[in-house]
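Just so you know, UniProt numbering puts 213 at position 213 of the sequence shown, and the rest follows in order with no gaps.
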Amino acid sequence: MTQEEALNILKTGANVFLTGEPGSGKTHTVNTYVSYLHSCGVEPSITASTGIASTHIGGMTIHSWCGLGVRSQLSPYDLDTIAGSRKVMERIGNARVLIIDEVSMLSATILAMTDAVCREVRKGLPRGEDPFGGLQVIFVGDFFQLPPIHHHDADASQRKFTPRAKPSTEFAFTASSWRKANPLVCYLSEQHRQEDEAFLEFLGAIRRGNVAERHKALLRTRYHKIPEAGVTELYSHNANVDHVNTLELSKLPGQPKAFVMTGHGGDSLVVSLKRGCLSPEVLSLKVGARVMFTKNDVSGRFVNGTTGFITEFSKDTPGSEGDLVRDAAGYPIVKTDSGQRILAEPLEWHIQDGGRILARITQIPLRLAWAITVHKSQGMSLDAAHMDLSSAFEYGQGYVALSRVRTLKGLSLAGLNARALEVHPEIKDKDRDFRAESEMVREKFRGLDTSELRQMHGNFIRAIGGKVGSGRASHRRKEKTDTLEVTKTLILEKRSLHSVAKERGVTLGTIVRHLEQLKEKGRIVPERDLMHLSPDPDRLALMEKAFRTLLSRISREGEGDLRDASGLIKLSPVRALLDDSFSFEELRLARLFLPAF
1 MTQEEALNIL KTGANVFLTG EPGSGKTHTV NTYVSYLHSC GVEPSITAST
51 GIASTHIGGM TIHSWCGLGV RSQLSPYDLD TIAGSRKVME RIGNARVLII
101 DEVSMLSATI LAMTDAVCRE VRKGLPRGED PFGGLQVIFV GDFFQLPPIH
151 HHDADASQRK FTPRAKPSTE FAFTASSWRK ANPLVCYLSE QHRQEDEAFL
201 EFLGAIRRGN VAERHKALLR TRYHKIPEAG VTELYSHNAN VDHVNTLELS
251 KLPGQPKAFV MTGHGGDSLV VSLKRGCLSP EVLSLKVGAR VMFTKNDVSG
301 RFVNGTTGFI TEFSKDTPGS EGDLVRDAAG YPIVKTDSGQ RILAEPLEWH
351 IQDGGRILAR ITQIPLRLAW AITVHKSQGM SLDAAHMDLS SAFEYGQGYV
401 ALSRVRTLKG LSLAGLNARA LEVHPEIKDK DRDFRAESEM VREKFRGLDT
451 SELRQMHGNF IRAIGGKVGS GRASHRRKEK TDTLEVTKTL ILEKRSLHSV
501 AKERGVTLGT IVRHLEQLKE KGRIVPERDL MHLSPDPDRL ALMEKAFRTL
551 LSRISREGEG DLRDASGLIK LSPVRALLDD SFSFEELRLA RLFLPAF
């Protein structure tokens with residue numbers, strides 16, 4: 001199934017299981033659907049099975065979203081308590097679309113508990129008795145990846161809400177709530193990682209359980225008992241990783257340079273973000289340190305998993321938008337393995353709910369990368385990695401590690417056993433079912449014409465309180481509004497101002513002016529649509545203080561030259577109260593979030 005076909009199915013409001021091999025475009029498809037919902041005035045609830053995964057997507061863990069916390073079982077008392085929470089009631093009661101990423105790591109127990117909470121909170125609402133309270137539920141992930149954590153403490157009080165077909169099986173698709181939700185399977189078949197087709201074919205052979213001698217011969221060409229210099233080592237345990245990274249950093253001359261993470265928001269949410277962030281709270285670096293980027297760059301300079309070395313620290317600390325770390329030695333400059341030089345500046349991770357930022361942390365998006373755990377490499381695409389699979393003992397363990405690497409050339413193997421190339425029999429069999437179901441769904445929707453699909457899309461959006469496009473407009477009107485609509489679409493994809501300006505071939509000032517016009521026309525709500533662009537709270541507080549100082553002066557002395565023709569406070573006198581690191585674009589952006597000025 002293509003991404004376009006999957007999107008057409010998602011837009012109908014059907015429950016969906018979106019899956020596919022690494023590189024098939026699952027994340028891109030979800031992001032495109034989220035942007036579509038935003039354009040219709042619908043805010044989806046974006047969650048993930050783990051803290052690391054939720055940090056990647058800017059959402060919450062499913063446990064936090066539905067109020068489960070650390071519970072591994074759900075009694076009637078627990079259900080009443082959770083459903084009675086004001087925050088949970090508002091969050092789930094106002095939800096329309098629930099996205100759960102990395103569903104392979106979500107146990108059947110937790111999925112059943114999520115379903116129970118949603119139905120309890122939404123009972124009395126239209127379709128509130130349906131699975132997950134009538135929400136559109138989108139499961140995203142690949143069951144060949146990391147499996148769920150097993151819980152063995154289920155008791156009778158739990159079974160009312162969390163029935164299981166087999167005590168030993170915890171895959172989400174075994175839950176009765178999955179079966180009742182009856183998600184349409186969208187198995188993406190396009191491959192967007194084209195660096196090494198032979199390696200991709202080999203990974204596919206592991207998934208299908210038909211690894212041949214030629215595949216094993218291919219792997220034997222990558223045997224290296226000792227990792228080559230600069231190649232990241234994958235381990236199963238944190239202790240091994242910490243030991244290797246600490247040891248290697250200590251071998252480098254000089255004192256380490258420390259960059260401290262900052263956080264804003266509720267304490268528990270900030271703690272959750274820090275746990276899920278791949279960059280540490282205190283990042284210690286030296287020139288020569290092996291590092292890995294831990295976040296995707298919107299302009300495409302690096303992705304989560306890009307590796308390289310620290311070559312130097314910048315002489316001048318930049319004072320740019322979102323600059324939260326100020327350090328006399330400047331930010332690290334990374335030379336990637338592909339030879340690109342990148343200034344690593346602080347980036348933000350946040351928890352968002354209903355379009356509102358609940359908490360945020362900022363840090364240099366790097367971590368030491370002589371070694372990393374397989375678990376923390378989740379969602380990464382590594383240029384190169386060294387691993388020892390001679391002691392692999394769990395089904396799928398080898399596939400998970402091998403699929404982190406982009407190409408065969410980037411793979412270094414210390415050893416291999418037969419189990420490393422085997423996958424869980426239940427997953428192998430279920431995957432055949434998923435592929436067959438996806439093909440049936442594809443054929444069914446291919447039988448619909450464009451007008452039928454559009455009607456289904458419109459019916460769903462109206463049913464969940466969104467707004468369908470107003471239809472045809474005059475060509476002249478379309479020309480006038482197109483430029484604002486293009487900017488709006490890009491911004492709703494959560495892209496940075498620099499990225500949007502670069503793609504559109506205009507200045508930052510032009511993009512900010514578009515945002516001002518969109519806000520004035522009521523086509524965007526900054527608190528909902530622009531929070532990813534919001535300045536650092538500390539800097540925003542300074543700018544607000546400067547604006548208020550000018551407002552006080554106006555109230556005492558009259559407007560004079562302090563307001564422009566549209567009645568807004570002029571920016572030049574505001575900037576005069578601040579230091580030179582505050583640009584006019586940043587002040588204009590801040591003013592979007594400060595409606596009184």
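Here a beta-carbon is modelled for each residue, glycine too, at the ideal position from N, C-alpha and C. Keep in mind the model is a prediction, meaning the values are calculated, not measured.
| query | result |
| --- | --- |
| Secondary structure, alpha helix (DSSP H): runs of 4+ residues fully inside the segment 379-436 | 397-402 |
| For N296 and K502, the rounded distance between their alpha carbons | 17 Å |
| Nearest to T47 (by Cα), restricted to the options Y36, V30 and F293 | V30 |
| Residues near V97 by beta carbon distance below 6 Å, same chain, minus five either side | P44 and Q136 |
| CB contact flag (A172, L106, <7 Å) | yes |
| Status (buried if at least 16 other CB within 10 Å, exposed otherwise) for K166 | With a pLDDT of 41 at K166, under the threshold of 50, the modelled position of that residue is not reliable, and no figure is offered here. |
| Where the beta strand (DSSP E) containing H457 begins and where it ends | Taken as a continuous stretch (DSSP letters only), H457 belongs to no beta strand (DSSP E), being part of the alpha helix (DSSP H) at T450 to A463. |
| Start-to-end residues for the alpha helix (DSSP H) that takes in I524 | It is not in any alpha helix (DSSP H) - I524 carries neither H nor E in the DSSP assignment. |
| Three-state class that DSSP yields for D538 in the structure shown | helix |
| Element boundaries [beta strand (DSSP E), containing Y235] | T232 to Y235 |
| Continuous alpha helix (DSSP H) assignments of at least 4 residues falling wholly in the segment 86-158 | 86-94 and 108-122 |
| Contact between the segment 542-552 and the segment 567-580 (3+ Cβ pairs under 8 Å) | yes |
| DSSP-derived helix/strand/coil call for W349 | strand |
| Distance between V88 and W65 (C-alpha atoms, nearest Å) | 7 Å |
| Residue 611 - DSSP class collapsed to helix/strand/coil | Within the shown structure, residues of the chain are numbered from 1 to 597, placing residue 611 beyond reach of any answer. |
| The segment 434-453 touching the segment 72-81, judged by at least three CB pairs closer than 8 Å | no |
| Straight-line Cα distance separating G254 from R356 | 43 Å |
| K180 classed as buried or exposed, judged by whether at least 16 other C-beta atoms fall within 10 angstroms | exposed |
| Assigned secondary structure, V344 (DSSP; H/G/I helix, E/B strand, else coil) | Residue identity check: residue 344 is Ala in the sequence provided, not Val. Coil at A344, not helix or strand. |
| V241 and I372 closer than 7 Å at C-beta | yes |
| G20 beta carbon less than 7 Å from that of Y235 | no |
| Secondary structure of A48, DSSP reduced to three states | strand |
| Reduced DSSP secondary structure (H/G/I, E/B, other) of Y331 | coil |
| Burial state of G471, where buried means 16 or more other Cβ atoms lie within 10 Å | Low confidence applies to G471: its pLDDT is 38, below 50, so where it sits in the model is not reliable, and the reading given next is rough at best. With fewer than 16 other Cβ atoms within 10 Å, it is exposed. |
| Beta-carbon proximity of G398 to L389, cut-off 7 Å | yes |
| Buried or exposed by the 16-neighbour rule on C-beta atoms within 10 Å, applied to L200 | buried |
| Stretch-stretch touch, CB-based, cutoff 8 Å, three pairs: the segment 103-121 with the segment 431-449 | no |
| At least 3 beta-carbon pairs within less than 8 Å: the segment 516-535 vs the segment 246-253 | no |
| Assumed close pair L247, S284 - CB separation to whole angstroms, cut-off 8 Å | In fact, because the Cβ distance is near 13 Å, the residues do not count as touching under 8 Å. |
| Cβ neighbour criterion (16 or more within 10 Å) applied to S272 | buried |
| Buried/exposed call for A418, threshold 16 Cβ in 10 Å | exposed |
| Residue(s) in a DSSP beta bridge with G265 | A359 |
| C-beta contact flag for A385 and V405 at 7 Å | yes |
| Buried or exposed by the 16-neighbour rule on C-beta atoms within 10 Å, applied to Y223 | exposed |
| Residue(s) in a DSSP beta bridge with F259 | L283 |
| Span separating the alpha-carbon of Q73 from that of V117 | 12 Å |
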